[in-house]
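Take a look at the structure below.
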Amino acid sequence: MNKKTFYDPEQKRILYLFIIIIVSATAATIYTLQFAEHYAHWIGLFWVTLLSNSFIAIPHEPLYIELGKSESVIFLLLVSIIPTITGCMMDYLFLKPVVHLKKLKSIREKKSILTINKWFLKFPGGLIFLFAVSPLPFYLVRIISLMTHYPFWRYALYSLLGRMPRYCILALLGFSLRPPTWALVLLFVLMLFLPVVIKFAKNIVNASPEN
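Just so we're on the same page, my numbering is the position in the sequence shown counted from 1, plus 43.
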């Protein structure tokens with residue numbers, strides 16, 4: 044009898060590549076912070092882009108606007124390629140194994156998930172691209188891609204194709220509008236904590252005696 048493994052062969056290949064990238068990026072981060080601090084903003088861009096394209100999803104918009112004020116848009120896009128794909132790897136490595144758990148059945152059966160799933164089955168690549176390039180909540184197609192076992196490299200490709208024009212627009216906004224850094228820091232904090240505050244407020248309303 045064959046023993047079940049936590050990762051299938053494709054996920055194992057992704058895992059090996061993910062480890063190589065993370066180890067290399069960590070080494071580059073340590074070296075940069077020790078000997079080349081003037082390049083630290085590129086290290087920050089790498090990690091923010093990686094996390095923002097995974098299920099962790101921290102806001103990346105303020106950083107791209109900030110760097111767009113002084114850095115080459117083309118170079119920004121080139122630096123963003125690997126972390127964008129690596130963020131997609133995190134979805135398939137750490138989220139895919141748990142997305143089918145019974146405890147998450149209520150999430151899989153959300154009306155929004157079921158509605159978008161109908162379109163996803165017809166236009167998977169186009170839908171991933173649309174959610175990646177627009178402000179639409181990307182977690183919806185992320186969950187559906189994992190639920191339907193959509194091939195990783197297609198998921199990563201369409202995510203990357205959608206993110207590139209988004210990054211470009213953000214950088215060009217920074218170049219043309221040049222908002223102050225303090226305003227972008229404030230925007231980052233608001234984008235990071237506003238969803239938590241909204242969810243907390245909803246829980247309070249739902250838990251009130253009147254409901």
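Every residue gets a Cβ at the ideal spot worked out from N, C-alpha and C, and that includes glycine.
State buried or exposed for residue i, treating a residue as buried only when at least 16 other CB atoms are found within 10 Å of its CB.
i	result
L106	buried
N45	Low confidence applies here, because N45 scores a pLDDT of 47, under 50, leaving its location unreliable; read the following figure in that light. Answer is exposed; the Cβ neighbour count stays below 16.
R56	exposed
H192	exposed
S255	Residue coverage of the chain in this structure runs from 44 to 254, which leaves residue 255 outside it and unanswerable.
L144	exposed
I62	exposed
T158	exposed
I128	buried
K139	buried
F231	buried
Which residue wins for smallest C-alpha separation from residue i, given the options the options?
i	options	result
L121	M133, F89 and S95	F89
L337	I73, P194, P223 and F236	Only positions 44 to 254 of the chain appear in this structure, which leaves residue 337 out of reach.
R151	V184, I171, V91 and T69	V184
S123	L94, H81, K112 and L173	L94
C131	S155, L60, F118 and Y82	L60
W85	L233, M234 and S113	S113
R197	F243, G168 and K154	G168
Could you spell out the range, first to last residue, of the alpha helix (DSSP H) harbouring residue i?
i	result
A83	A83 to S95
V141	Run containing V141: none; DSSP gives neither H nor E here.
L179	Note, L179: premise wrong, no alpha helix (DSSP H); not H, not E.
Y198	F195 to L220
P105	E104 to G111
Y59	P52 to F78
I118	The sequence given here places Phe at residue 118; Ile does not occur at that position. Segment V116 to M133, the alpha helix (DSSP H) holding F118.
I99	That residue, I99, is in no alpha helix (DSSP H); it is neither H nor E in DSSP.
T158	K154 to K165
Is the beta carbon of residue i less than 8 Å from the beta carbon of residue j?
i	j	result
D37	F98	Summary: the structure shown does not reach residue 37, with the chain confined to residues 44 through 254, and so no result is reported for it.
I101	I64	no
L170	F163	yes
G111	L213	yes
L216	I108	yes
Just to confirm my understanding: we take residue i, look at its own chain, exclude 5 residues before and 5 after, and list those with CB closer than 7 Å. What are they?
i	result
N160	I187
H103	V91, T92 and S95
Identify, in the order they occur along the chain, each residue of the same chain with its Cβ nearer than 6 Å to the Cβ of residue i, setting aside the five sequence neighbours on each side.
i	result
V176	G205, P208 and R209
Within its chain, find whatever has a CB closer than 8 Å to the CB of residue i; leave out the 5 residues flanking it on each side and keep chain order.
i	result
V228	P105
E221	Per the sequence presented here, residue 221 reads as Arg, with Glu not at that position. Only K112 meet the Cβ criterion.
A83	T75 and L76
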